[in-house]
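Just so you know, we're using my numbering here: the sequence shown kicks off at 1 and counts up by one. The C-beta atom is built at its ideal place from N, Cα and C for all residues, glycine as well.
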Amino acid sequence: MKNKIVLFSSDLQYAGVPMALLAVTKLLDKKENDIKIITSAEYPKYKEEILAQCEGALCFGISCISGTPIKSAIEVSKMVKEKYPSLPIIWGGWQAITLPDVTLQEPYVDYLCTGQGERTFSEFIRMLRENDFGSIDKIDGLSYKNNGVITHNNRRVPEDLNSFPDFDLDLIEWDKYLEVTDFGNNVLRIVTSYGCPYRCGFCCEPNNSKRQWKSLTAERIISLLKKIRSKVDFDGLMIVENNFFVREQRVIDFCNGLIENGFNIKLGQVNGRTNKLVTYKESTWGLLKQAGLHDILIGAESANEETLRLINKDATVEQTYLLSRICRKYEIKLIASIIVGLPIPAYFSENSQDAFDVEFREITKLYKDLFLLDRNNRLIIFIYAPLPFSPMYERAIELGFRPPKNLEEWGNYDLTETHIGWISKKNIVKVQALVYVSSMLAIDFKYLVQKLPIILRVFVIPMLGIANWVSKLRLRYDCYSFPLDSYMFYAALKLFKRLNKTYKFINITN
Ligand code: B12
Ligand code: SF4
């Protein structure tokens, strides 16, 4: 008889392909295992589905990133533990990696996978199936409780992704994960690599992958895409891994593969590093454009050279400008992500308002310059949300940041909100206003609007026109205070999202 394995993705806001869950099934033998993947996108009544599927199952696995997805992971784990007390529950993903002890100490979490999951999960399933608990300490990357004492096995060294087979495409209903974006109507998210070779001081990735980067070959990606095409017709891909552009030859081969196989799609939100991209050959840029590259997302992080040096970015503000010029030449949009409020010396030594004013002035200048270079350039800004295992985390604590104390509290630690005392509410409003202006001026809402019923379009089109006009004024006069226009826009968006939940006009990740 087959073993039933039930897997759940706890990020309820996320509408995209459950990449982590698909990945961990790669090494599971389909003849022996009956795998059920449950997401809120595919199962709006996911709780009922989980409870029904867990009946007679071998284990229940949850993929969870830090922040609000912890809440639903807790709720569901408690629910399953209550109904099936002996069913092993394993958490994997970024929450398990970032806060292993805090997570595992809870009674409703039995095991953790604290790194790359493909091999760890298959060894774990074998152990459960064969009732071979004597071998538990041999499973790298697994953490568990032994008479209440937390034990972490050896870390798992990231393995070559090409040594794993593709996942079974029938595990999910692909059309449920098509998203509407500013470059396509039917866009899928994919990842083609794991880890990251860089060492940014605010990021939890270097501690996880130990600066290793493992990637699928271009041939493997193209062959996977062909299989996905046989399941669903997509017109775009978001390649959302940490860094798609690490090896130029892989990128060249991938673009050639897309072109030769006539994919005719757009590529967006493709993550890359400024310092690497500026070294790319002109011919590669031409090829990227020809293959359909719509936009690149870079971690510009700061508009200040000294800050970039302090966070070990190994890239410069000058390179951000240079990359913007290259992108303009090839008509590729550039999305630059910035982090405000990193615990840099200015916040230690100066009045925090003065430190913010300098930081904000530099960012608005960068944005204006980039906008003048190309009107499609966009800035996204995050307020720094400290997470363990990075040098900046310790600095944040020195500066007064108080971390949540237990898993429930971490579930209230919304990573998209502000938790650092050195950025005031008034300043958060300014940052949000700048993000709003940049979004209004750069995002092409065409695909979104097309999907709306006519009755809604009548309101939405003029509203977007007015929002765009006011944003231009704000940019011209550097005015980011009293952003009433953005409040109205976000109120309308909130209402729309509510309607969308009921009527499902479009599939979008919040
Ligand atoms: C896609 C993505 C998103 C998507 C979807 C997130 C999601 N719920 O899956 C969206 C756009 C929604 C998103 C948003 C955000 N994200 Co994000 N995102 C990513 C990204 C780029 C890829 C994730 C992914 O699918 N990887 C592919 C899979 C195959 O790899 P994986 O997730 O690492 O999974 C492997 C293992 O962890 C393990 N595993 C995972 N799950 C499970 C489950 C089981 C049972 C087992 C056994 C093993 C296992 O096995 C897998 C295969 O090896 C990661 C970066 C990264 N490199 O992972 C950041 C990342 C997860 N995001 C991050 C952050 C900070 C955010 C935001 C806060 C950004 C922001 N400021 O707005 C928001 C918050 C979202 C929220 N709801 O709170 C951080 C998370 C830090 C943390 N400790 O949790 C990351 C790590 C980026 C970074 N380096 O800082 N994100
Ligand atoms: S911020 Fe991006 S480039 Fe820097 S270490 Fe993290 S994943 Fe790598």
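Please state whether the Cβ-Cβ distance between residue i and residue j is less than 9 Å.
{"i": "I332", "j": "D357", "result": "no"}
{"i": "L297", "j": "Q269", "result": "yes"}
{"i": "D182", "j": "Y367", "result": "no"}
{"i": "T25", "j": "L171", "result": "yes"}
{"i": "F164", "j": "P386", "result": "no"}
{"i": "L342", "j": "E282", "result": "no"}
{"i": "T68", "j": "G411", "result": "yes"}
{"i": "I221", "j": "F245", "result": "no"}
{"i": "P453", "j": "F505", "result": "yes"}
{"i": "E42", "j": "E173", "result": "yes"}
{"i": "L228", "j": "L277", "result": "Inspection of the sequence shows that residue 228 is occupied by Ile rather than by Leu. Taking 9 Å as the Cβ cut-off, I228 and L277 do not qualify as a contacting pair."}
{"i": "E408", "j": "I74", "result": "yes"}
{"i": "F167", "j": "A15", "result": "no"}
{"i": "D485", "j": "Y436", "result": "yes"}
{"i": "N243", "j": "P197", "result": "yes"}
{"i": "K81", "j": "Y108", "result": "yes"}
{"i": "S481", "j": "N207", "result": "no"}
{"i": "L473", "j": "T364", "result": "no"}
At a cut-off of 8 Å, would you count residue i as near ligand 2, judging by its Cβ distance to the nearest heavy atom?
{"i": "K511", "result": "Examination of residue 511 is not possible in this model, given that the chain is present from 1 through 510 alone."}
{"i": "N243", "result": "yes"}
{"i": "F202", "result": "yes"}
{"i": "Y198", "result": "yes"}
{"i": "R395", "result": "no"}
{"i": "R273", "result": "yes"}
{"i": "E205", "result": "yes"}
{"i": "G299", "result": "yes"}
{"i": "K313", "result": "yes"}
Which residues in the same chain as residue i place their Cβ atom closer than 8 Å to its Cβ, once the five residues preceding and following it in sequence are excluded?
{"i": "P388", "result": "T98, L99, C204, P403"}
{"i": "E241", "result": "V191, T192, S193, Y194, N271"}
{"i": "D137", "result": "T151, N153"}
{"i": "R211", "result": "G195, C196, P197, Y198, R199"}
Residues in its own chain within less than 7 Å of residue i by CB, not counting five upstream and five downstream?
{"i": "L21", "result": "L7, S9, I37, S63"}
{"i": "L415", "result": "S66, G67, A385"}
{"i": "Y347", "result": "A355, L399, W422"}
For residue i, which residues from the same chain have a beta carbon less than 6 Å from its beta carbon, with the 5 sequence-adjacent residues on both sides left out?
{"i": "G292", "result": "I265, K266, L267"}
{"i": "S143", "result": "P100, L104, L112, T114, H152"}
{"i": "R378", "result": "I335, S438, A442"}
{"i": "I339", "result": "E301, F382, Y384"}
{"i": "N3", "result": "N33, L58, R129"}
{"i": "L370", "result": "S324, N377"}
Check whether the Cβ of residue i lies closer than 8 Å to any heavy atom of ligand 1, and answer yes or no.
{"i": "Q95", "result": "yes"}
{"i": "S9", "result": "yes"}
{"i": "V187", "result": "no"}
{"i": "E331", "result": "no"}
{"i": "G411", "result": "no"}
{"i": "S135", "result": "no"}
{"i": "I420", "result": "no"}
{"i": "A73", "result": "no"}
{"i": "L27", "result": "no"}
{"i": "G92", "result": "yes"}
{"i": "P18", "result": "yes"}
{"i": "Y194", "result": "yes"}
{"i": "F482", "result": "no"}
What did DSSP end up calling residue i once you bin it into helix, strand or coil?
{"i": "R375", "result": "coil"}
{"i": "L441", "result": "helix"}
{"i": "C196", "result": "coil"}
{"i": "F124", "result": "helix"}
{"i": "A15", "result": "coil"}
{"i": "N33", "result": "strand"}
{"i": "I62", "result": "strand"}
{"i": "C203", "result": "coil"}
{"i": "V246", "result": "coil"}
{"i": "A143", "result": "It should be pointed out that residue 143 corresponds to Ser in this sequence rather than to Ala. Here S143 sits in strand by DSSP."}
{"i": "L484", "result": "helix"}
{"i": "R211", "result": "coil"}
{"i": "S9", "result": "strand"}
{"i": "A73", "result": "helix"}
{"i": "N427", "result": "helix"}
{"i": "G421", "result": "coil"}
{"i": "D354", "result": "helix"}
{"i": "C479", "result": "coil"}
{"i": "D519", "result": "There is no way to answer for residue 519, as the model of the chain reaches only from 1 to 510."}
{"i": "A300", "result": "strand"}
{"i": "N162", "result": "helix"}
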